[in-house]
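Taking this note's numbering, the leading residue of the sequence shown gets 492, the next gets one more, and so forth.
Idealized CB from N, CA, C, for every residue including glycine.
This report refers to the structure that appears directly beneath it.
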Amino acid sequence: MNVQVTHELLQEAYELEKTFTLSYPFGIYKDSLYSTTYDELTKWLRKTISYLKNHHMEYESLSLYHYLNSFRGKLGNIDQHEFKKILSVLEQYFLHN
492 MNVQVTHELL QEAYELEKTF TLSYPFGIYK DSLYSTTYDE LTKWLRKTIS YLKNHHMEYE
552 SLSLYHYLNS FRGKLGNIDQ HEFKKILSVL EQYFLHN
């Protein structure tokens, strides 16, 4: 794996994690924080998925690929807790590959 690219992807994710500042005062969303930048989250997700596709010959068998792909079109619905989970899974993958 290209160490520089994986580092850049993680750095972008750490920066995006800081955008989870939007909260709602009522309903089921009131206990969570949401990102203020849907477009940047989407761009990062596409870049990360593309990286996996380009650097892992059998990417379709990767559970990480399917996990990340499951968020396409739904990133606006994830909260800070879910993004931290995505980040943790990605860190573990890059650490072991």
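- Rounded to the nearest whole angstrom, the C-alpha separation of S579 and D522 is 21 Å.
- Rounded to whole angstroms, the separation of the alpha carbons of S552 and N588 is 15 Å.
- Straight through space, the alpha carbons of Y550 and F574 are spaced by roughly 22 Å.
- The alpha-carbon of A504 is positioned some 17 Å away from that of N493.
- Rounded to the nearest whole angstrom, the C-alpha separation of I569 and M548 is 29 Å.
- Looking at T539, T533, L501, the one whose alpha-carbon comes closest to that of K565 is T533.
- Restricting attention to T510, G518, H557, the CA atom closest to the CA of S526 is found in T510.
- Distance from L501 to L581 at the Cβ level is roughly 7 Å; contact confirmed, criterion being Cβ atoms closer than 8 Å.
- Taking C-beta separations shorter than 7 Å and ignoring five residues to either side along the sequence, the partners of K544 in its chain run Y550, following chain order.
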